[in-house]
Amino acid sequence: MPDDDDAQALFELSEQVTAPAPTGSVAGVRKTFRAFAPDQDLLLPPSLDEWLPADHLARFIADLVDEHLDLSRIHASYTKAKGGPPYDPRLMVRILLYGYTTGVRSSRQLEAACVDVVAFRWLAAGAGPDFRSIGRFRKRHLAALGHLFVQALALCQAAGMVKLGRVALDGTKLRANASRRKAMSYARMSEKEKILAQEVSDLLAQAEETDQAEDAKFGKDRRGDELPEELRRRESRLARIREAKAALEAEARERAEAAAREKAAARGEGAESSAQRVADAVAAAVPKPKAQRNFTDPESRIMKTADGSFHQCFNAQAVVDDTHQVIVAAEVSDCAADVANLIPMTEQVTANTGAAPREMVADAGYCSADNLAQAAAVTAATGTEFFIATGRSKHDAPIPTSPRGRIPTAASPRERMARKLTTKKGRAAYARRKVIVEPVFGQMATLQNGKQLLLRGLDGARGEWLLLAACHNLRKLHRHVGTGGLAGLATT
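So the sequence shown is numbered by our numbering: it starts at 11 and just counts up by one.
What follows is the structure, encoded as structure tokens:
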């Protein structure tokens, strides 16, 4: 006879397992648990497709790669028939896009995920590419993977997620894959070069004495020209320091040459006089004593981050649309200042989307006399209206009153922009800047681990930032149209 509790159950249990009493203790009331048999074999072959929900992001990525993304650039690079068959590019792009969307970006983590995580195993169709294959694929096709940003943006446009009514521009510092402790100033390089050169000279003399002693003891038939480990280590350090010094000196000469040409052009000097000025400037160019170069990633620079500390970084730029926080332009530079990016990023928006934004909002880091002049020219040509802060304001500062009357004729471009931002329209436009672009950086840092770069060099940083931006847009697109919503999108 069943127990009273079982008879009054709301539904019939297929199996009943009575929990055994713990050893050495008195059993309490009888309790029924769900069936649990770890050693039970599966009666039918398992299907990964049944383990993945229908609306899962991985299904969206798979549909995107198989049906909508153009991978012809990747396929075109496979021109040699010899060698072992590589992994299908669709497989590799699938796991890279899903990894960069969910914050799994390391090649070793991706390899492990293809074994441990159902979504990755489903995307890879049970294959398990090793981390070397993943790393080589990403490095080889980085430019093509970065181009996926434009394709993802086109899909967002087709879904009606990009309106270009108001866009906001801002920059964020990306941590380079390099330690600031592996950097050295030019003055320190000069000192260390002398020390290491003397140590190498002393060690060479010791090695020569050792060779002579061994020749006298063992004869001259035995090789004695191998450098000791200590000498090889010092020689390699000396070579790297000299290489870094030469790079800093070359950069100093390039800056001196550019400054001399600009000064000669401003003075209206002739070709002969200008050439002489440039030659004199290049000959006298010397790096600043505090100019630094990193030995791990020489193209990264020491930059101040949001927390006030200094790290090896790159400066990433992004223009974000107001409607759905879709990134419509992205770039990376090795200059900590944002000011040089205003006009190029505005032009990139037009190039990527085929239309000019109606309003461009930027903070005080982009304000300069030259930028304000160029912004006026862009406004006249395309109709894009700029709202650029002319300086920082304190949080407790009173809101300025809206100006009245005509703009003074003698007002400078900076004064005109400052006056514009105090109007009702200007305050309303600039107030949206933070809520448009800054949450995007926060989402990328939290969901994609997008503040730390894995690839080194300016090209590597740029390619990885474009891939991160593309995956951010794809995540927004998935939330907007769902897994099955790609079928009706047309990007032509």
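Note that the Cβ used here is the ideal one computed from N, Cα and C, for glycine as well.
Remember, it's a predicted structure, so these values are computed and weren't measured experimentally.
Which class does residue 499 belong to by DSSP, given the choice of helix, strand or coil? Position 489 of the sequence shown, counted from the first residue, corresponds to residue 499. Of the three classes helix, strand and coil, the one that applies to residue 499 here is coil, per DSSP.
Chain-order list of residues whose beta-carbon lies under 8 Å from that of residue 334 (same chain, five-residue window excluded): Indexing the sequence shown from 1 puts residue 334 at position 324. Counting only Cβ-Cβ distances below 8 Å, and skipping sequence neighbours, we find 166, 171, 172, 486 and 490.
Pairwise C-alpha distance: residue 393 and residue 368: The sequence position of residue 368 within the sequence shown is 358, counting from 1. The sequence position of residue 393 within the sequence shown is 383, counting from 1. Between residue 368 and residue 393, the C-alpha separation is close to 7 Å.
Using only alpha-carbon positions, find the residue among 53, 142, 339 and 271 that is nearest to residue 174. Residue 174 sits at position 164 when you count from the first residue of the sequence shown. Considering only 53, 142, 339 and 271, the residue with the shortest C-alpha distance to residue 174 is 339.
Note the first and the last residue of the continuous alpha helix (DSSP H) segment covering residue 343. Start at 1 with the first residue of the sequence shown, and residue 343 comes out as number 333. Run containing residue 343: none in the alpha helix (DSSP H); it sits in the beta strand (DSSP E), 337-343.
Buried or exposed: which applies to residue 88, given that a residue is buried once 16 or more other Cβ atoms fall within 10 Å of its Cβ? Locating residue 88 in the sequence shown gives position 78, where the first residue counts as 1. Label assigned to residue 88: exposed.
What residues are listed by DSSP as bridge partners for residue 171? For the purposes of this step, residue 171 is taken as the residue at position 161 of the sequence shown. DSSP, once it has assigned bridges, lists no residue as partnering residue 171.
Ends of the beta strand (DSSP E) at residue 321? As a position in the sequence shown, residue 321 is number 311, starting the count at 1. Per DSSP, residue 321 belongs to the beta strand (DSSP E) from 320-331.
The stretch 439-454 in contact with the stretch 88-103 per 3-pair CB rule at 8 Å: no
Would you report the Cα separation of residue 386 and residue 397, rounded to the nearest angstrom? As a position in the sequence shown, residue 386 is number 376, starting the count at 1. As a position in the sequence shown, residue 397 is number 387, starting the count at 1. So the alpha carbons of these two residues sit roughly 11 Å apart.
Can you name the start and end residues of the alpha helix (DSSP H) that residue 396 belongs to? By one-based count along the sequence shown, residue 396 stands at place 386. Run containing residue 396: none in the alpha helix (DSSP H); it sits in the beta strand (DSSP E), 395-398.
Would you kindly report the start and end of the unbroken alpha helix (DSSP H) that includes residue 474? Position 464 of the sequence shown, counted from the first residue, corresponds to residue 474. Segment 467-491, the alpha helix (DSSP H) holding residue 474.
Kindly confirm or deny that the stretch 43-57 and the stretch 107-115 touch, where touching means at least three C-beta pairs closer than 8 Å. No, because fewer than three Cβ pairs between the stretch 43-57 and the stretch 107-115 fall closer than 8 Å, the two stretches do not touch.
If you follow the beta strand (DSSP E) that residue 185 is in, where does it begin and where does it stop? By one-based count along the sequence shown, residue 185 stands at place 175. Counting along the chain, the unbroken beta strand (DSSP E) around residue 185 starts and ends at 176-185.
Do residue 81 and residue 473 come within 7 Å of each other at the CB atom, strictly closer than that value? For the purposes of this step, residue 473 is taken as residue 463 along the sequence shown, with counting starting at 1. For the purposes of this step, residue 81 is taken as residue 71 along the sequence shown, with counting starting at 1. The answer is no: Cβ separation not under 7 Å.
Under 8 Å by Cβ, that's how I've got residue 185 and residue 320 pegged, so tell me the actual separation to the nearest angstrom. The residue labelled residue 185 in the question sits at position 175 within the sequence shown. The residue labelled residue 320 in the question sits at position 310 within the sequence shown. Wrong, their Cβ atoms sit about 11 Å apart, outside the cutoff.
Burial state of residue 421, where buried means 16 or more other Cβ atoms lie within 10 Å: The residue you call residue 421 lines up with position 411 of the sequence shown. Residue 421 should be labelled exposed.
Reduced DSSP category for residue 360 - H, G, I as helix; E, B as strand; rest coil: Position 350 of the sequence shown holds residue 360. Residue state, collapsed to three classes: helix.
Roughly how many whole angstroms lie between the Cα atoms of residue 547 and residue 128? Residue numbering for the chain in the displayed model covers 11 to 502; residue 547 lies beyond these limits and cannot be assessed.
Hey, would you say residue 73 sits closer than 7 Å to residue 499, going by beta carbons? The residue you call residue 73 lines up with position 63 of the sequence shown. The residue you call residue 499 lines up with position 489 of the sequence shown. No, Cβ-Cβ distance for residue 73 and residue 499 is not below 7 Å.
I'd like to check one pair, residue 484 with residue 162: are the Cβ atoms closer than 7 Å? Along the sequence shown, one-based indexing puts residue 162 at 152. Along the sequence shown, one-based indexing puts residue 484 at 474. Yes.
Within this structure, are the beta carbons of residue 429 and residue 178 separated by less than 7 Å? As a position in the sequence shown, residue 429 is number 419, starting the count at 1. As a position in the sequence shown, residue 178 is number 168, starting the count at 1. Their beta carbons are not under 7 Å apart, which means residue 429 does not touch residue 178 by this criterion.
Rounded C-alpha distance that separates residue 119 from residue 445: On the sequence shown, residue 119 is found 109 positions in, with the first residue counted as 1. On the sequence shown, residue 445 is found 435 positions in, with the first residue counted as 1. Between residue 119 and residue 445, the C-alpha separation is close to 33 Å.
CB of residue 371 within 7 Å of CB of residue 329, strictly: The residue you call residue 371 lines up with position 361 of the sequence shown. The residue you call residue 329 lines up with position 319 of the sequence shown. No, the Cβ-Cβ distance between residue 371 and residue 329 is not below 7 Å.
Starting from the Cα of residue 150, find the closest Cα among 159, 50 and 83 and give me that residue. Stepping through the sequence shown from its first residue, residue 150 is reached at position 140. Comparing Cα positions, the closest option is 83.
Considering just the uninterrupted stretch of the beta strand (DSSP E) at residue 311, what are its terminal residues? Walking along the sequence shown from the start, residue 311 turns up at place 301. Per DSSP, residue 311 belongs to the beta strand (DSSP E) from 311-314.
Roughly how far, in whole angstroms, is the beta-carbon of residue 342 from the beta-carbon of residue 376, given that I think they are within contact range, below 8 Å? Here residue 342 refers to the residue found at position 332 of the sequence shown. Here residue 376 refers to the residue found at position 366 of the sequence shown. Taking 8 Å as the upper bound for CB-CB distance, residue 342 and residue 376 are not in contact here, some 16 Å apart.
Tell me which residues share the same chain as residue 378 and place their Cβ nearer than 7 Å to its Cβ, disregarding the 5 neighbours each side in the sequence. If you number the sequence shown from 1, residue 378 lands on position 368. So the list reads 349, once near-sequence residues are dropped.
Would you give the residue range spanned by the alpha helix (DSSP H) that residue 390 belongs to? Start at 1 with the first residue of the sequence shown, and residue 390 comes out as number 380. First-last of the alpha helix (DSSP H) with residue 390: 379-392.
Tell me which residues share the same chain as residue 109 and place their Cβ nearer than 8 Å to its Cβ, disregarding the 5 neighbours each side in the sequence. Working through the sequence shown from its first residue, we reach residue 109 at position 99. Around residue 109: 115, 119, 120, 123 and 130.
At the level of alpha carbons, what is the spacing between residue 181 and residue 95? If you number the sequence shown from 1, residue 181 lands on position 171. If you number the sequence shown from 1, residue 95 lands on position 85. Cα to Cα, residue 181 sits roughly 42 Å from residue 95.
Report all residues from its chain with a CB closer than 8 Å to the CB of residue 105; omit the five preceding and five following residues, and keep chain order. Counted from its first residue, the sequence shown places residue 105 at position 95. Here the set comprises 120, 123, 124, 130, 133, 134, 139 and 144.
Under the three-state reduction of DSSP, which class applies to residue 458: helix, strand or coil? Stepping through the sequence shown from its first residue, residue 458 is reached at position 448. It is coil, neither helix nor strand.
Rounded to whole angstroms, what is the Cα-Cα separation between residue 58 and residue 176? Sequence index remark: in the sequence shown, residue 58 carries index 48 (1-based). Sequence index remark: in the sequence shown, residue 176 carries index 166 (1-based). Whole-angstrom Cα-Cα distance: 44 Å.
Quick one: is residue 356 buried, meaning 16 or more other Cβ sit within 10 Å of its Cβ, or exposed? Along the sequence shown, one-based indexing puts residue 356 at 346. When all chains shown are included, residue 356 counts as buried.
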